[in-house]
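Numbering-wise (our numbering), the sequence shown opens with residue 12 and increments by one.
Cβ coordinates follow ideal geometry from the N, Cα and C atoms, glycine included.
Written out below as structure tokens is the structure these notes cover.
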Amino acid sequence: MAKSLSLPSLPFISPSSITTHLSHLPKISCSSISIQSQSAKHQLLTLISDQERGLKTQKNPQKLASIVKSIDDLASLGRNSVTTDDSLSATWRLLWTTEKEQLFIIEKAHLFGTQAGDVLQVIDVEKKSLNNVITFPPDGVFFVRSNIEVASSQRVNFRFTSAVLRGKNWEIPLPPFGQGWFDTVYLDDEIRVVKDIRGDYLIVERAPYSWTE
12 MAKSLSLPSL
22 PFISPSSITT
32 HLSHLPKISC
42 SSISIQSQSA
52 KHQLLTLISD
62 QERGLKTQKN
72 PQKLASIVKS
82 IDDLASLGRN
92 SVTTDDSLSA
102 TWRLLWTTEK
112 EQLFIIEKAH
122 LFGTQAGDVL
132 QVIDVEKKSL
142 NNVITFPPDG
152 VFFVRSNIEV
162 ASSQRVNFRF
172 TSAVLRGKNW
182 EIPLPPFGQG
192 WFDTVYLDDE
202 IRVVKDIRGD
212 YLIVERAPYS
222 WTE
């Protein structure tokens, strides 16, 4: 006589209990990511607010580490965003950097009888142009022209084409000197955060004016 096979009974899980369970799982929404980004952005801007565009940070490794960590936190929140579209085109004004050449000029400008004013990046994605600009009010300016090419959703390649040191009634052309790339790891309506080929960092804000040659 054949024996019947006895299977263990399985608990019945109702659809309503599944819905109840899922309702208690943490939700990740665009709004929550936006709130996190704004919080991380506020923390970063607070950290750099007293750093004189990066001059003080050069002598404070602990502060630098805190700022870089804050940048990385912000970058991780925006890692899937596109930052090389038309929103990249603007006159950007320096808030903070680790770029030694820029900081040297900012710090030592007084030795040449002047002071550094706004430090700018002027980008036009459509025209594939980038100008790095250091102003010396009222009439002086040093700027480097570059061609740019969008390489990915966050990376832009650049190649320096010429440089000019200009005063009120004079101008000295200088030869171009290099190429590389930069990643815009965060971008919104107010600021932009950049890491470049040399591992330098740059934080800029949208200037309230447009710079032109």
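For Ile183, count neighbouring Cβ atoms within 10 angstroms of its own Cβ and tell me buried if that reaches 16, exposed if not. Position 172 of the sequence shown, counting from 1, holds the residue named residue 183. Ile183 should be labelled exposed.
Given Thr57 as reference, the closest of Lys138, Ser98 and Ile214 once Cα atoms are compared: Taking the sequence shown and counting its residues from 1, the one referred to as residue 57 is at position 46. Taking only the C-alpha atoms, the option nearest Thr57 is Ile214.
In the structure shown, what three-state DSSP assignment does Thr57 receive? Taking the sequence shown and counting its residues from 1, the one referred to as residue 57 is at position 46. In the structure shown, Thr57 sits in a helix (DSSP, three-state: H, G or I).
Ignoring anything shorter than 3 residues or poking outside the segment 40–110, list the beta strand (DSSP E) runs there in chain order. 101–108
Within the segment 152–209, ranges of the beta strand (DSSP E) (whole runs, at least 3 residues): 166–177, 182–185, 190–198 and 202–207
Could you tell me whether any Cβ in chain D is nearer than 8 Å to the Cβ of Val136? No chain D is present in this structure, which holds just one protein chain.
Using DSSP with H/G/I as helix, E/B as strand and the rest coil, what is Gln132? For the purposes of this step, residue 132 is taken as the residue at position 121 of the sequence shown. Looking at Gln132 - three-state DSSP - the assignment turns out to be strand.
In DSSP terms, what Phe123 is bridged to: In the sequence shown, the residue the question calls residue 123 occupies position 112. Bridge partners of Phe123: none, in fact.
Closest Cα partner of Arg209 within the set Gly189, Ser221 and Glu224: Stepping through the sequence shown from its first residue, residue 209 is reached at position 198. Of Gly189, Ser221 and Glu224, the residue nearest in Cα terms is Gly189.
Nonlocal neighbours in the same chain, by C-beta distance under 6 Å from Glu110, ignoring five residues either side: What you label residue 110 is simply residue 99 of the sequence shown in a count that begins at 1. So the list reads Asp211, once near-sequence residues are dropped.
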